[in-house]
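Going by the working numbering, the letters in the sequence shown line up with residues 1 to 521, in that order. For every residue, glycine included, the Cβ atom is placed at its ideal position computed from N, Cα and C. Have a look at the structure below, then the notes.
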Amino acid sequence: MQMAPHQNTKAVLNLDVLYHIMSSATMPTIAAMMRVSHALYRDGAKVILPRGVCLDDSKTVSSFVQFMMAEDGIRRHYLHKLEIFFNKLSSQDAHLLAQAIRSVPDLRSLKIVYAEWVLKHQRLLETFIGLEGLESIDLRSCGEHACRFLRESRSRFVSATIHFPEAEECSIPVELPDLTWKPILLLENSMSTLQVLHCSAWEADDGIEVHEEYVYPHVQELVMDDIWFPVTSAYVYSYPNLTCLRTETIHHQISDDETTSEAQRASNLAYQLRHGSWTKLQEIHAPFIDVYLLGLTCCVPFLDVMDVGGSDISVRLSEVLSYLQPTRLVLSTKDNLLRTRDGIAQVFRSQGASKLKELELTMASFCLGSDGAVVRDALDDLFVALGSLRLTSFKLTWDSDADHRRIGVLLKPGYHSDHKERAEIQREESADGEKQLPSSRVPVTPLEIFLLHVDVNELVAKIHRALPTLQTIEVAVRNVPRRNNGVITFSPAEMFDKYAALEHGLRTTEYTDTAEASGRQ
């Protein structure tokens, strides 16, 4: 019997399968597939361009223009997102880029990291102004030319991110009037469409006035970074239907006159008590000083507050909560809120905390001058206070990263501890001449010693006994020297089984750092 000669066979995939593969492939793979056949060459552009184009070097402008102009310019219909990251552009390349962009009918998103440097080219600026379909704009390092683009743009933005440069690197001409670069005024053409506004380094000082003709009825999210004192009246009037507010003012970063702060809060409070505040605001994310200065008088279900601290924090926080009445509260701080009995606990005895259902407390485990015994008593007092609420979720975390521990010691050079577990303090000169303290030689504070020996399982059991309405409990201790990162979480389904296990002395700790798994018990 004669055998048939062996034949080499190759699997042949139809174009639909290849196109499906291409749609989820990486850029280099797509580029390689485009060289296989004319059909894939044509379809490759349909896959690549909708993902967006990022020009990170002016040298890529020429090749980008050539790619866009291939196939009789049909590719221009596939580009919806463009990002420009370079700050140097020749007049010739600016002309080429303007020519290519002018022919793109469906560009929806534009990001320019060095806006002032790119938009100084007149032809390119006019090209961007002429685009009518942009919905999302993100301009960084804005100046006079960027402001002109925003004022004159024919597009109606849905989302706008406007970052002005910091004062020390400001490229905005000094003679540029303040009013010409305030977002409320710059985005006038998008008043009827704008939904999200993110702006930074905008000097929103107390000289701002309410502009009655500028109202953005559809703005739901407002994000403000590196601005001066927040003037609530201007925001309440211009963005009446806001649901989410995120702020971080310059006041958060600098030490200012307390009298000025109180005056600012009083002014903001007075306006809202007289004219009203937001009625749809659902969440605030901000440093505590920002929340305090805003002086909000409306109820806010979700309050996420950072950098909570200060000698009178309990009084101030109680005052803030009396107006906001949150149901979910997240407090994070590098301070020790449990330094004294009846400190933070009294906040949760106030009327403003009565509606709380979910509470998260994150505190630094590295706090100089703390006392373990006081912390233990303060915790007991806290649990008693929380027991009067009907919380369903409670998360308690102690955490300090190595840099924070180093900074803490350097800020307190006179700190000494006589505890036997204290590490030796030894300063070392870094290459740049600044004092550094290796994390291995940072002293262990009394609070850390308390956390080193605390039984997290027993703490969870104590919380469960004190707060019987809880459905979820999470206690975490992280980055404490010579202790594994322990996290215990109780969920509703596991609550009774795990609680019973704890009552019988069984260990159920789950460690988040697998490298320290050898420390499990």
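One or two residues paired with S109 in a DSSP bridge: As a working mapping, residue 109 is identified with position 109 in the sequence shown. S109 pairs with K81 and S136.
Is there a Cβ of chain D sitting closer than 9 angstroms to that of L82, yes or no? In the structure shown, chain D does not exist; there is a single protein chain.
Have a look at L447 and W398 and give me their C-alpha separation to the nearest angstrom. Translated into positions along the sequence shown, residue 447 becomes position 447. Translated into positions along the sequence shown, residue 398 becomes position 398. Each residue's alpha carbon lies about 10 angstroms from the other.
Between S192, L382 and T297, which has its C-alpha nearest A270's C-alpha? As a working mapping, residue 270 is identified with position 270 in the sequence shown. Looking at the Cα atoms, T297 is the closest of the given residues.
Residue range of the beta strand (DSSP E) that L356 falls in? Working through the sequence shown from its first residue, we reach residue 356 at position 356. It is not in any beta strand (DSSP E) - L356 carries neither H nor E in the DSSP assignment.
The beta strand (DSSP E) that contains I558, what's its start and end? The chain is shown from 1 up to 521; residue 558 falls before or after that span and cannot be answered.
Report buried or exposed for I21, applying the criterion of at least 16 other Cβ atoms within 10 angstroms of its Cβ. The residue given as residue 21 occupies position 21 in the sequence shown. Under this definition I21 is an exposed residue.
What does the alpha-carbon distance come out to for the pair A286 and V308? Mapped onto the sequence shown, residue 286 falls at position 286. Mapped onto the sequence shown, residue 308 falls at position 308. Roughly 10 angstroms separates the two Cα atoms.
Would you say L545 and V118 are within 9 angstroms of each other, going by their C-beta atoms? Not covered by the structure: residue 545. The range shown for the chain is 1 to 521.
My understanding is that T249 touches D290, with C-beta atoms under 8 angstroms, so please give their C-beta distance in whole angstroms. Along the sequence shown, one-based indexing puts residue 249 at 249. Along the sequence shown, one-based indexing puts residue 290 at 290. Yes, they are in contact, since the Cβ atoms of T249 and D290 sit about 5 angstroms apart, within 8 angstroms.
Give the C-beta separation of T293 and L324 to the nearest angstrom, bearing in mind that I take them to be a contact with Cβ-Cβ under 8 angstroms. Reading the sequence shown from its first residue, position 293 is the one you call residue 293. Reading the sequence shown from its first residue, position 324 is the one you call residue 324. Checking the sequence, you will find Leu at residue 293 rather than Thr. Rounded, the Cβ-Cβ distance is 14 angstroms, inconsistent with contact.
Classify K280 as buried or exposed, calling it buried when 16 or more other Cβ atoms lie within 10 Å of its own Cβ. Residue 280 sits at position 280 when you count from the first residue of the sequence shown. With fewer than 16 Cβ atoms within 10 Å of its Cβ, K280 is classed as exposed.
Can you tell which of L379, L317 and Q351 has its C-alpha closest to the C-alpha of L467? Here residue 467 refers to the residue found at position 467 when the sequence shown is read from its first residue. Answer by Cα proximity: L379.
At what residue ranges does the stretch 245-305 contain a whole run of the beta strand (DSSP E), taking only runs of 3 or more? 283-287
On the three-state DSSP scale, how would you describe L194? Translated into positions along the sequence shown, residue 194 becomes position 194. Looking at L194 - three-state DSSP - the assignment turns out to be coil, as it is neither helix nor strand.
With 16 other Cβ atoms within 10 Å as the buried cut-off, status of E152: Reading the sequence shown from its first residue, position 152 is the one you call residue 152. When all chains shown are included, E152 counts as exposed.
Give the DSSP-derived three-state secondary structure of C142 in the structure shown. Start at 1 with the first residue of the sequence shown, and residue 142 comes out as number 142. Looking at C142 - three-state DSSP - the assignment turns out to be coil, as it is neither helix nor strand.
Check each candidate in V17, A115 and G44 and name the one with the smallest Cα separation from M27. Position 27 of the sequence shown, counting from 1, holds the residue named residue 27. The residue among V17, A115 and G44 with its C-alpha nearest the C-alpha of M27 is G44.
Taking only the alpha-carbon atoms, compute the straight-line gap between N14 and S91 and give it to the nearest angstrom. Here residue 14 refers to the residue found at position 14 when the sequence shown is read from its first residue. Here residue 91 refers to the residue found at position 91 when the sequence shown is read from its first residue. The alpha-carbon atoms of N14 and S91 are separated by roughly 46 angstroms.
With H, G and I counted as helix, E and B as strand and the rest as coil, what does DSSP make of R156? Indexing the sequence shown from 1 puts residue 156 at position 156. Three-state DSSP puts R156 in coil, outside helix and strand.
Based on the DSSP output, what are the partners of W398 in its beta bridges? Position 398 of the sequence shown, counted from the start, is the residue given in the question as residue 398. W398 pairs with M363 and V477.
Since D93 is in the alpha helix (DSSP H), which residue starts that stretch and which ends it? Counted from its first residue, the sequence shown places residue 93 at position 93. Taken as a continuous stretch (DSSP letters only), the alpha helix (DSSP H) holding D93 covers S91 to R102.
DSSP has T472 in a bridge; who is on the other side? On the sequence shown, position 472 is the one that residue 472 refers to. Paired residues: S393.
Minimum C-alpha distance to S388 - residue among F450, E458 and R465: As a working mapping, residue 388 is identified with position 388 in the sequence shown. S388 has its Cα closest to that of R465, out of F450, E458 and R465.
Going by DSSP in three states, L55 sits in which element: helix, strand or coil? Start at 1 with the first residue of the sequence shown, and residue 55 comes out as number 55. Three-state result, L55: strand.
For T243 and Q282, I'd like the C-alpha separation in whole angstroms. As a working note, residue 243 is residue 243 in the sequence shown. As a working note, residue 282 is residue 282 in the sequence shown. Distance between the alpha carbons of T243 and Q282 is about 5 angstroms.
Would you kindly work out how many angstroms separate the C-alpha atoms of L40 and I48, rounded to a whole number? As a position in the sequence shown, residue 40 is number 40, starting the count at 1. As a position in the sequence shown, residue 48 is number 48, starting the count at 1. One C-alpha to the other measures close to 12 angstroms.
Per DSSP, cross-strand counterpart(s) of M224: Residue numbering aside, residue 224 sits at position 224 when the sequence shown is read from its first letter. Per DSSP, C199 and T247.
Can you give the beta carbon distance from G295 to N268, rounded, assuming they're within the 8 angstroms contact cut? By one-based count along the sequence shown, residue 295 stands at place 295. By one-based count along the sequence shown, residue 268 stands at place 268. Contact flag correct, Cβ pair sits at about 4 angstroms.
If I measure Cβ to Cβ from S58 and keep anything under 6 angstroms in the same chain, skipping five residues before and after, which residues do I get? As a working mapping, residue 58 is identified with position 58 in the sequence shown. Closer than 6 angstroms at the Cβ level, and outside the excluded window around S58, lie F86, K88, L89 and D93.
In whole angstroms, what is the alpha-carbon distance linking R478 and L361? The count along the sequence shown starts at 1 and reaches residue 478 at position 478. The count along the sequence shown starts at 1 and reaches residue 361 at position 361. Cα-Cα distance, rounded: 14 angstroms.
G143 vs E126 beta-carbon contact at 9 angstroms: Here the question's residue 143 lines up with position 143 in the sequence shown. Here the question's residue 126 lines up with position 126 in the sequence shown. No. Outside cutoff.
Residues that DSSP places opposite R328 in a beta bridge: As a working note, residue 328 is residue 328 in the sequence shown. F302 and E358.
On a Cα-Cα basis, can you pick out the residue from C199, R123 and R108 that is closest to L139? As a first step, residue 139 must be located in the sequence shown, where it is residue number 139. It is C199.
Using only alpha-carbon positions, find the residue among V231, R274 and A70 that is nearest to Q522. The shown model of the chain, from 1 to 521, leaves out residue 522, and the question about it has no answer.
In three-state terms, what does DSSP make of T232? Locating residue 232 in the sequence shown gives position 232, where the first residue counts as 1. Residue state, collapsed to three classes: helix.
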